[in-house]
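Remarks on the structure that follows.
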Amino acid sequence: MEIHCRVNGHAVAFQVEPYELMANVLRNRFGLKGLKVACERQICGACTVLLDGEPVSACCTLALEMRGRDVETIEGVGNARTLHDLQTAFIEEAGLQCGYCTPGMVLTSLALLRKKPHPELADITEWLHGNICRCASYAGIVAAIQRAARAAAKEGSDGSYA
Amino acid sequence: MLRPFSFHEPTSLAEAVTLHATLENAAYYAGGTELLLIMKEGLVRYDHLINLKSIEALRGIEVRENNGRAGQRRLRIGALTRHAELTEDATVARHIPALADLARRIGNIRVRNAGTIGGNLAFGEPRSDLAAFLLALGAEIEAVGLEGSRKIPAGEFWLGPLETALLPDEVVQAVELPLDPSERCGYAKIAVREFPTAGVAMSLTLVDGAERVGALRLAVTAVHAVPTRLPQVEHWASGQEVAQLLNFGPDEWAEVAAGDLHPVDDIYGSKDYKLHLVGVLIARLLRSLVTDAAEA
Chain A
56 MEIHCRVNGH
66 AVAFQVEPYE
76 LMANVLRNRF
86 GLKGLKVACE
96 RQICGACTVL
106 LDGEPVSACC
116 TLALEMRGRD
126 VETIEGVGNA
136 RTLHDLQTAF
146 IEEAGLQCGY
156 CTPGMVLTSL
166 ALLRKKPHPE
176 LADITEWLHG
186 NICRCASYAG
196 IVAAIQRAAR
206 AAAKEGSDGS
216 YA
Chain B
24 MLRPFSFHEP
34 TSLAEAVTLH
44 ATLENAAYYA
54 GGTELLLIMK
64 EGLVRYDHLI
74 NLKSIEALRG
84 IEVRENNGRA
94 GQRRLRIGAL
104 TRHAELTEDA
114 TVARHIPALA
124 DLARRIGNIR
134 VRNAGTIGGN
144 LAFGEPRSDL
154 AAFLLALGAE
164 IEAVGLEGSR
174 KIPAGEFWLG
184 PLETALLPDE
194 VVQAVELPLD
204 PSERCGYAKI
214 AVREFPTAGV
224 AMSLTLVDGA
234 ERVGALRLAV
244 TAVHAVPTRL
254 PQVEHWASGQ
264 EVAQLLNFGP
274 DEWAEVAAGD
284 LHPVDDIYGS
294 KDYKLHLVGV
304 LIARLLRSLV
314 TDAAEA
């Protein structure tokens with residue numbers, strides 16, 4: 056099948072078999088190794104990517120579902136020289152230790168803040184409930200999201216979160 | 024890795040059903056939140072996947088007025104509706120906000136972005152949150168197959184674990200929930216992870232100035248092999264004074280529910296623990312629904 060889509064803002068075209076999984080295509084074909092394949096059953100969130108802005112489990116999504124859509128991986132958040140404000144907040148609030156869950160945590164948090172720039176704690180737990188951190192950095196992750204939300208609010212933005 | 028299969032994309036229900044009937048070893052595919060898992064685990068193997076997501080007739084949420092035969096006003100939800108969409112849909116929020124509240128708590132955010140109501144029902148998961156809610160409200164499931172379309176009452180839909188009344192080529196087209204303005208409904212569950220250990224759905228109608236139970240419908244998920252109603256509890260509570268019922272704690276409710284429920288000991292808990300959870304959830308739901316009624 057011929058797939059045309061955008062990956063981290065870049066238009067791409069590639070051939071794929073219908074039975075290929077999105078996680079394998081992104082990791083092995085595109086070299087985007089930030090997402091991790093861990094539980095393989097949508098429980099852990101380590102393979103989280105954003106599909107049209109919505110968090111999905113790449114390991115349980117057929118690659119063909121990328122057709123005509125916007126795919127964002129952690130590699131598209133900030134860049135090698137400049138971290139995204141959200142990533143900076145994660146560092147400042149100790150929202151990570153080993154970093155294995157972090158791509159999924161950051162992407163899900165980003166999707167949340169775009170949808171709700173001023174999330175209540177209940178929103179944060181509702182959205183992040185499906186992302187597991189084996190190092191138990193949960194308190195730091197929550198604090199990072201709250202910190203990033205406050206910082207964006209302070210900058211007097213138009214209410215939206217990039 | 025998935026074993027190879029061919030992929031088909033019908034644009035109509037008739038085409039989908041015909042494909043399913045003529046292809047050997049085919050499965051319907053929508054969100055894939057259950058299907059892909061069992062395929063990845065090697066529990067099933069399909070040579071063909073039939074993508075339902077291009078079929079417009081499976082989409083849409085709308086209120087249907089009575090059908091001219093003095094039928095009831097109902098909320099019709101297309102089978103392809105994702106849980107995330109139920110969470111945010113304005114029509115659902117206006118007519119059955121408890122459904123939006125339930126959908127918000129299904130699985131996790133990623134499952135909600137991919138999973139559909141049709142798939143949830145068709146898979147026959149004994150721990151489905153939606154199943155309990157549809158049972159309590161007396162919903163109907165519209166299915167389309169080779170013989171045409173039919174409506175299956177929720178009470179006749181779930182036959183066993185992972186087994187529904189759907190015939191081999193049938194696909195869920197929509198779910199219809201009756202709309203009754205006098206009815207309060209809600210869903211409560213205890214869940215450590217994606218599936219509940221116990222979930223209870225309640226539909227409550229109060230009479231005599233909201234002091235007496237006119238009708239009570241209760242359904243439980245995750246505690247039996249199939250999501251199930253609690254007819255003895257319903258019968259017992261009907262006509263009782265609300266104030267009396269609010270005095271009952273989880274233990275009392277569990278004792279009444281033990282007449283309807285015979286859970287087994289398993290890794291999710293002992294049978295006593297599961298009954299206890301059901302008691303807790305009934306008490307909690309009754310309190311919140313009665314409070315809502317008082318505030319209305």
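Top to bottom, those sequences are chains A and B.
Take any residue in the first sequence, count from 1 to its spot, add 55: that is its number in our numbering.
Take any residue in the second sequence, count from 1 to its spot, add 23: that is its number in our numbering.
All C-beta atoms, glycine included, are put in the ideal place defined by N, C-alpha and C.
This structure is a prediction, so every number in the text was calculated from the model and none was measured.
TODO: Let me know the alpha helix (DSSP H) ranges lying completely inside the region 142–200 of chain A, each 4 residues or longer, listed in chain order.
DONE: 157–170 and 176–183
TODO: Mind listing the chain B neighbours of His173 of chain A? Cutoff is C-beta to C-beta under 8 Å, in chain order.
DONE: By one-based count along the first sequence, residue 173 of chain A stands at place 118. None at all; the shortest Cβ gap to chain B is about 17 Å.
TODO: Determine the burial state of Ile200 of chain A: buried for a count of at least 16 other Cβ atoms within 10 Å of its Cβ, exposed for fewer.
DONE: Taking the first residue of the first sequence as position 1, residue 200 of chain A is located at position 145. By the 10 Å Cβ count, Ile200 of chain A comes out buried.
- [ ] Run down chain A in chain order and give the residues with a C-beta less than 8 Å from the C-beta of Leu109 of chain B.
- [x] Along the second sequence, one-based indexing puts residue 109 of chain B at 86. Chain A residues near Leu109 of chain B: none, gap ~14 Å exceeds 8 Å.
Open item on the list: Quick check on DSSP: helix, strand or coil for Ser311 of chain B?
Closed with: As a first step, residue 311 of chain B is located in the second sequence; it is residue number 288 there, counting from the start. Helix.
Task: Beta-carbon neighbours of Arg173 of chain B, restricted to chain A and to distances below 8 Å - done: Along the second sequence, read from residue 1 onward, the residue named residue 173 of chain B stands at position 150. Result: empty, since nearest Cβ-Cβ is about 31 Å, beyond 8 Å.
Open item on the list: Would Ala242 of chain B and Ala188 of chain B qualify as a contact pair, given that the criterion is a beta-carbon distance under 7 Å?
Closed with: Taking the first residue of the second sequence as position 1, residue 242 of chain B is located at position 219. Taking the first residue of the second sequence as position 1, residue 188 of chain B is located at position 165. With a cutoff of 7 Å on beta-carbon distance, Ala242 of chain B and Ala188 of chain B are scored as not near each other.
Task: Reduced DSSP category for Ile78 of chain B - H, G, I as helix; E, B as strand; rest coil - done: On the second sequence, residue 78 of chain B is found 55 positions in, with the first residue counted as 1. Correct three-state label for Ile78 of chain B: coil.
Open item on the list: Can you look up Lys209 of chain A in the DSSP assignment and give me helix, strand or coil?
Closed with: Counted from its first residue, the first sequence places residue 209 of chain A at position 154. In this structure, Lys209 of chain A counts as helix in the three-state DSSP scheme.
Task: Contact under 7 Å by Cβ, Pro273 of chain B with Gly292 of chain B - done: As a working note, residue 273 of chain B is residue 250 in the second sequence. As a working note, residue 292 of chain B is residue 269 in the second sequence. The answer is no: Cβ separation not under 7 Å.
Task: Between the CA atoms of His71 of chain B and His31 of chain B - distance to the nearest angstrom - done: Locating residue 31 of chain B in the second sequence gives position 8, counting from the first residue. Locating residue 71 of chain B in the second sequence gives position 48, counting from the first residue. Rounded to whole angstroms, His31 of chain B to His71 of chain B spans 7 Å at the Cα level.
Task: chain A contact residues for Glu275 of chain B, given Cβ-Cβ distances below 8 Å - done: Indexing the second sequence from 1 puts residue 275 of chain B at position 252. Simply none; closest approach about 31 Å.
Open item on the list: When you compare the CB positions of Val80 of chain A and Cys114 of chain A, do they come within less than 7 Å of one another, or not?
Closed with: Residue numbering aside, residue 80 of chain A sits at position 25 when the first sequence is read from its first letter. Residue numbering aside, residue 114 of chain A sits at position 59 when the first sequence is read from its first letter. Against a cut-off of 7 Å, the Cβ pair of Cys114 of chain A and Val80 of chain A comes out as no contact.
Task: Contacts that Thr157 of chain A makes with chain B (C-beta to C-beta distance below 8 Å) - done: To locate residue 157 of chain A, count along the first sequence from 1; it is residue 102. Within chain B, no residue comes near Thr157 of chain A; the closest Cβ sits about 16 Å away, beyond 8 Å.
Task: Contacting residues, own chain, Cβ-Cβ under 7 Å from His299 of chain B (five flanking each side not counted) - done: Numbered from 1 along the second sequence, position 276 holds the residue referred to as residue 299 of chain B. Taken in chain order, the residues that qualify are Pro273 and Ala277.
Open item on the list: Using a 10 Å radius around the Cβ and a threshold of 16 neighbouring Cβ atoms, would you call Thr34 of chain B buried or exposed?
Closed with: The sequence position of residue 34 of chain B within the second sequence is 11, counting from 1. Thr34 of chain B is exposed by the Cβ-count criterion.
Open item on the list: Among B:Leu269, B:Pro286 and B:Asp283, whose alpha-carbon lies nearest the alpha-carbon of Ser311 of chain B?
Closed with: On the second sequence, position 288 is the one that residue 311 of chain B refers to. Closest option to Ser311 of chain B, Cα to Cα, is B:Leu269.
Task: Backbone secondary structure at Leu25 of chain B - three-state DSSP - done: The residue you call residue 25 of chain B lines up with position 2 of the second sequence. Looking at Leu25 of chain B - three-state DSSP - the assignment turns out to be coil, as it is neither helix nor strand.
TODO: Counting only the same chain and skipping the five closest in sequence on each side, list residues whose C-beta sits under 7 Å from that of Trp182 of chain A.
DONE: Stepping through the first sequence from its first residue, residue 182 of chain A is reached at position 127. Correct list, in chain order: Thr163 and Leu167.
- [ ] Note down, in chain order, each residue of its chain lying with its Cβ closer than 7 Å to the Cβ of Asn143 of chain B, except the 5 sequence neighbours on either side.
- [x] On the second sequence, position 120 is the one that residue 143 of chain B refers to. Take Asn143 of chain B, set aside five residues on each side of it, and the residues of its chain with a beta-carbon closer than 7 Å to its own are Ser151 and Leu153, in chain order.
Task: Touching by the beta-carbon criterion (3+ pairs, under 8 Å), the region 116–131 of chain B and the region 190–210 of chain B - done: Segments in contact, yes.
Open item on the list: Just to confirm, is the Cβ distance from Arg1 of chain B to Arg99 of chain B under 7 Å?
Closed with: Residue 1 of chain B cannot be examined here, being either before or after the span of chain B that is shown, 24 to 319.
Task: Where Tyr296 of chain B falls: helix, strand or coil (DSSP) - done: Taking the first residue of the second sequence as position 1, residue 296 of chain B is located at position 273. Tyr296 of chain B falls in the helix class under three-state DSSP.
Open item on the list: To test your reading of the DSSP string, which unbroken alpha helix (DSSP H) runs of 4 or more residues are found completely within the region 253–302 of chain B?
Closed with: Runs found: 254–260, 265–269 and 273–280.
Open item on the list: For the beta strand (DSSP E) containing Val223 of chain B, name the first residue and the last one.
Closed with: For the purposes of this step, residue 223 of chain B is taken as the residue at position 200 of the second sequence. Where Val223 of chain B is concerned, the enclosing beta strand (DSSP E) stretches over Ala221 to Val230.
Task: Distance, Ala113 of chain B Cα to Gly86 of chain A Cα - done: In the first sequence, residue 86 of chain A corresponds to position 31, counting from 1. In the second sequence, residue 113 of chain B corresponds to position 90, counting from 1. Those two C-alpha atoms are separated by around 41 Å.
- [ ] Compute the beta-carbon to beta-carbon distance between Leu200 of chain B and Arg97 of chain B, rounded to the nearest angstrom, for a pair I have assumed lies under 8 Å.
- [x] Along the second sequence, one-based indexing puts residue 200 of chain B at 177. Along the second sequence, one-based indexing puts residue 97 of chain B at 74. So it is a contact: roughly 6 Å between Cβ atoms.
Task: CB contact flag (Met121 of chain A, Cys188 of chain A, <7 Å) - done: What you label residue 121 of chain A is simply residue 66 of the first sequence in a count that begins at 1. What you label residue 188 of chain A is simply residue 133 of the first sequence in a count that begins at 1. No, Cβ-Cβ distance for Met121 of chain A and Cys188 of chain A is not below 7 Å.
TODO: Assign Ala208 of chain A to one of two classes, buried (16 or more other C-beta atoms within 10 Å of its C-beta) or exposed (fewer than that).
DONE: Translated into positions along the first sequence, residue 208 of chain A becomes position 153. It counts as exposed.
Task: Partners in chain A for Glu217 of chain B, counting only beta-carbon separations shorter than 7 Å - done: What you label residue 217 of chain B is simply residue 194 of the second sequence in a count that begins at 1. Those within 7 Å of Glu217 of chain B in chain A are Ile98.
TODO: Give a yes or no on contact between the region 211–227 of chain B and the region 176–191 of chain B, applying the rule of three or more CB pairs nearer than 8 Å.
DONE: no
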